[in-house]
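Heads up: the sequence shown runs through residues 1 to 484, numbered per full-length UniProt numbering. Ideal Cβ placement from N, Cα and C applies to all residues, glycine included. Worksheet for the structure shown next.
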Amino acid sequence: MALLNLTKCADTIIGDQRIRGVSGGERKRANIASELLTDPSVILLDEPTSGLDSSLALELTKILKEFAVKQRKTIIMVIHQPSSQVFESFDKLMLMADGHMVYFGERAGVVDYLDDQGYKCHPNFNPADYILELLNDNTIKQKLINAYAHNIRDDPTGKQVVEKHSRRTRTDNQLSDTILNAPVTSERRWEATFLQQVSILTERTFKQSRKIILSKVNIFQTVAVTIVCIIVWLKIPFAEPNVFDRVGNIFFCSVFWSFTAMIGSVASFPTDLVMLSKERQSRSYRLLSYYLSKQIAELPLVIFNPILYTIPVYWATNLLPDFGRFMAYLIVIILSTLTAQSFGYLAGATVLNVHKSISISMVFILASMLLGGYYIKYLPFGLYWLRYISFVKYSYSLLVQIQFDSPKAQFRCARPGELPAGQSSICETGDVPLTSISGSSIIENEGLNDLPWYINLIILLGICIVGRVLAYYSLRRNSRRSKE
């Protein structure tokens with residue numbers, strides 16, 4: 001960091017379009033520094049000064065020159081329209097035009113070479129600007145290409161290079177199949193171990209995601225929704241007329257955090273795609289290390305807001321006053337959130353486009369909501385199976401079972417006039433009027449007793465795991481395609 005003059009911004013975030021971070025010059029140097037972590041002997045830089053003004057471009061070039069001298073490294077830069085000071089910092093120069101070589105040799109010798117070809121550069125001109133001016137003329141460009149090719153053929157050293165290259169090309173063609181099919185004999189493909197990769201990437205991902213997932217806007221949204229829900233469902237009575245309110249509270253809690261987690265996770269992989277491709281091409285880490293670090297780092301972040309919401313809302317809205325049931329309720333909310341996040345990961349990893357991923361996720365979450373059992377209790381016989389493809393059905397059923405399938409869940413029967421017109425009371429099931437009904441009767445009435453709670457839990461957990469595994473393999477497939 002000291003060699004690239006990055007010490008002063010060591011504790012500054014890189015930043016992006018949404019978050020302010022390091023300057024343009026510092027960003028360039030940080031990109032270069034990340035490539036130096038593996039200590040390469042040769043460093044290839046494609047237009048490292050693009051997007052920088054002349055002052056920053058010169059500063060970066062001086063830093064790279066100093067680094068090359070001190071560390072005894074070879075740095076090869078592709079650069080367009082360098083200033084005279086940047087041009088003077090080069091040791092050797094290769095001029096290319098339309099894929100052909102125009103000159104290769106000492107930087108100080110290019111002016112004399114052009115002079116020999118009949119193109120004299122004025123002493124006060126920037127040689128780089130003069131060269132570009134010459135190469136913009138198609139006639140002069142072709143003459144310089146032909147002249148350099150002729151010099152190579154006539155020069156004894158050049159002849160040897162051409163002959164050696166021809167022999168090497170023939171040998172490479174003969175051995176290409178053997179080389180491509182040969183097993184990798186390197187004992188270690190990565191500079192860092194798997195655990196080191198996961199540890200470092202987890203720390204980086206946590207710092208990056210924390211400012212997005214736990215942004216002030218998201219925290220404000222959570223607090224605002226919490227206050228609204230407490231006001232709307234404050235102290236719901238354990239009475240038959242309020243059963244629908246209680247069930248609505250439960251369904252909203254499940255769906256809202258599932259929706260938030262899914263939409264928040266669809267952009268995870270598409271926004272990381274450029275960085276991931278760049279770092280994977282330089283063999284910085286395994287794809288599995290990146291994926292696991294993503295899961296580990298975002299886990300505590302994505303469940304923070306649901307926990308912040310559930311704790312006050314549960315007790316303020318008078319859900320079942322039992323600590324064990326509360327913990328089970330909270331765990332299911334967290335699991336439902338993580339399951340929805342799995343689908344967001346899968347959509348993002350499959351499409352790798354934020355807008356398309358959001359569209360796919362919206363259709364999926366809305367379909368899951370409709371089939372979850374709250375809006376439509378009973379589907380036609382031929383379509384009944386559709387409800388079992390909705391992950392909301394399993395989380396909603398679990399939450400209702402936690403709240404109603406308990407001896408403590410007793411509800412006062414409705415008094416005359418308390419129920420809406422046309423709605424019959426559940427209590428009116430026999431000859432003798434009931435004064436209260438059990439929660440299990442309500443579960444049966446809601447049609448949520450088709451599966452026991454442990455089956456719902458296993459299926460929901462299985463969906464969560466399978467979704468994340470599929471997301472990884474989808475990301476790996478797309479990662480291989482991008483390399484090709």
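{"Item": "F411 to F244, Cα distance in whole Å?", "Value": "12 Å"}
{"Item": "What three-state label does DSSP hand G105 in the structure shown?", "Value": "strand"}
{"Item": "Tell me the rounded alpha-carbon separation between S406 and I455.", "Value": "18 Å"}
{"Item": "Determine whether the beta carbon atoms of residue 499 and I443 lie at a separation below 7 Å.", "Value": "Because the chain here runs from 1 to 484, residue 499 falls outside it and cannot be looked at."}
{"Item": "Between the Cα of Q295 and the Cα atoms of A108, I465 and E66, which residue gives the shortest distance?", "Value": "I465"}
{"Item": "Which of helix, strand or coil does DSSP assign to F90?", "Value": "coil"}
{"Item": "Let me know the secondary structure DSSP gives H100 once reduced to three states.", "Value": "strand"}
{"Item": "Following the continuous alpha helix (DSSP H) through F412, name the residue where it begins and the one where it ends.", "Value": "Inspection of the sequence shows that residue 412 is occupied by Arg rather than by Phe. No alpha helix (DSSP H) holds R412; the beta strand (DSSP E) holding it covers Q410 to R412."}
{"Item": "Buried or exposed for Q142, please, with buried defined as at least 16 other CB atoms from any protein chain shown within 10 angstroms of its CB.", "Value": "exposed"}
{"Item": "Within this structure, are the beta carbons of M262 and S361 separated by less than 7 Å?", "Value": "yes"}
{"Item": "Mapping DSSP to helix, strand and coil, what is D115?", "Value": "helix"}
{"Item": "Helix, strand or coil: how does DSSP classify M369 here?", "Value": "helix"}
{"Item": "Name the two residues that bound the continuous beta strand (DSSP E) containing V42.", "Value": "V42 to D46"}
{"Item": "Measure the C-alpha to C-alpha separation of Y130 and P82 and round it to an integer number of angstroms.", "Value": "11 Å"}
{"Item": "Just how far apart, CA to CA, sit H122 and L114?", "Value": "11 Å"}
{"Item": "Which two residues bound the contiguous alpha helix (DSSP H) that contains T222?", "Value": "K216 to V232"}
{"Item": "On the three-pair Cβ rule with 8 Å, is the segment 290-310 touching the segment 207-223?", "Value": "yes"}
{"Item": "Grouping DSSP H, G and I as helix and E and B as strand, with all else coil, what is T12?", "Value": "coil"}
{"Item": "Express the C-alpha separation of T7 and I179 in angstroms, rounding to a whole number.", "Value": "Note that I179 scores 44 on pLDDT, short of 50, meaning its location in the model is unreliable; the coordinates nonetheless yield the value given after this. Their Cα atoms are separated by approximately 43 Å."}
{"Item": "If we count the other Cβ atoms within 10 Å of its Cβ and call it buried at 16 or more, is R29 buried or exposed?", "Value": "buried"}
{"Item": "Report the residue from S84, A68 and D39 whose alpha carbon sits nearest the alpha carbon of A57.", "Value": "S84"}
{"Item": "Determine the DSSP secondary structure at L434, reduced to helix, strand or coil.", "Value": "coil"}
{"Item": "Give the straight-line distance between the Cα atoms of I463 and V217, rounded to the nearest whole angstrom.", "Value": "30 Å"}
{"Item": "For T49, count the other beta carbons within 10 Å of its own beta carbon; 16 or more makes it buried, fewer makes it exposed. Which is it?", "Value": "buried"}
{"Item": "The alpha helix (DSSP H) spanning M262 covers which residue range?", "Value": "V243 to S265"}
{"Item": "So, is G372 buried or exposed, given that buried needs 16 or more other C-beta atoms within 10 angstroms?", "Value": "buried"}
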